[in-house]
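Residue numbers (the working numbering): 93 to 350.
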């Protein structure tokens, strides 16, 4: 099949797959969560800096589901857990295509392979917090939820000198009001959600992952993907090639909102 035929096939299947796909949150080992519809019409953030101030992005909500729709940029965000070899492969593939990713790392995962924290940053990617143990943080007591957030922040600080810019709750696409507050108190002005769920953790096959993403992505989208799944590794080159064909750049989340 030629590259043109492949793109045509992806577009043809996108609508059918997207229509029948489940809406989900983090990878399994917990109940599947269903996100609320993405926020619409938020004002563009300031552009004077490549990173938000400690107060975050004025005018933006506490939970961010997508960036400006008028810009030809998208953010591919990865839940950082799983086989470190697959993680390195995804990072290398992105860099070969000139793409920058956002990795929301699980603290216990960094404990097992601390060198990956610097590997992410050295590749020009964003690195953030996805809690310490990847448990259902929204269902925890205030003390336990705070520990999940601050323990991962401490790992990131020790390994890189920074807690990272972004926080994403574990086992849910959106944070509860309590978790939003605790994240802000820990130094994360915004919770990073998404408007496109690849469903790669359901192991549907690389073609299905690519169709799901490409069928829903548009300017400003934040896409949820995962380390640790071979389907995602195989789908990423197809996704990046088609994004480039559409004139969409895969950028870090910091760049998306800047």
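Ideal placement from N, C-alpha and C gives every residue a C-beta, glycine not left out.
Sequence-distant residues of the same chain with beta carbon closer than 6 Å to residue i, five excluded per side
i: residue 267; result: 261 and 283
i: residue 194; result: 167, 169, 218, 344 and 345
i: residue 338; result: none
i: residue 247; result: 199 and 202
i: residue 174; result: 319 and 320
i: residue 191; result: 332 and 342
i: residue 135; result: Caution is warranted here: a pLDDT of 32 is assigned to residue 135, below 50, making its placement in the model unreliable, and no coordinate value can be reported.
Within 8 Å, strictly: CB atoms of residue i and residue j
i: residue 200; j: residue 180; result: no
i: residue 271; j: residue 237; result: yes
i: residue 259; j: residue 243; result: no
i: residue 328; j: residue 186; result: yes
Alpha-carbon to alpha-carbon, residue j and residue i
i: residue 197; j: residue 249; result: 12 Å
i: residue 311; j: residue 278; result: 30 Å
i: residue 183; j: residue 309; result: 20 Å
i: residue 241; j: residue 222; result: 8 Å
i: residue 335; j: residue 189; result: 11 Å
i: residue 348; j: residue 171; result: 18 Å
i: residue 300; j: residue 239; result: 37 Å
i: residue 285; j: residue 152; result: 13 Å
i: residue 148; j: residue 350; result: 11 Å
i: residue 315; j: residue 269; result: 23 Å
Own chain partners of residue i with C-beta closer than 7 Å, once the 5 adjacent residues on each side are dropped
i: residue 331; result: 302, 305 and 306
i: residue 341; result: 164 and 165
i: residue 206; result: 251
i: residue 235; result: none
i: residue 313; result: 158, 166, 287 and 288
i: residue 297; result: 323
i: residue 154; result: 272, 282 and 283
i: residue 176; result: 205 and 208
i: residue 128; result: Confidence in residue 128 is poor, its pLDDT being 37 and thus under 50, which makes the residue's placement unreliable; the coordinate value appears in the next sentence. 266, listed in sequence order.
Counterpart residues of residue i in DSSP-defined beta bridges
i: residue 158; result: 313
i: residue 230; result: BP columns for residue 230 are empty, so no partner.
i: residue 341; result: 165
i: residue 284; result: 156
i: residue 218; result: 194
i: residue 318; result: 171
i: residue 289; result: 316
i: residue 259; result: 221 and 283
Beta carbon proximity, residue i to chain B, threshold 8 Å
i: residue 176; result: Any reference to chain B falls outside this structure, which holds one protein chain only.
Same chain only: Cβ atoms within 8 Å of residue i, ignoring 5 sequence neighbours per side
i: residue 178; result: 319, 320, 321, 322, 324 and 325
i: residue 96; result: Summary for residue 96: the model assigns pLDDT 46, below 50, so the residue's position carries little reliability, and this model does not support an answer.
i: residue 232; result: 240
i: residue 210; result: 251 and 252
Exercise for the section: Evaluate the contact criterion for the region 250–265 versus the region 290–301: three or more CB pairs, one atom per stretch, below 8 Å. Expected result: no
Practice task
Indicate whether the contact test is met: 3 or more Cβ pairs, each with one atom in the region 212–231 and one in the region 146–161, closer than 8 Å.
Solution key: no
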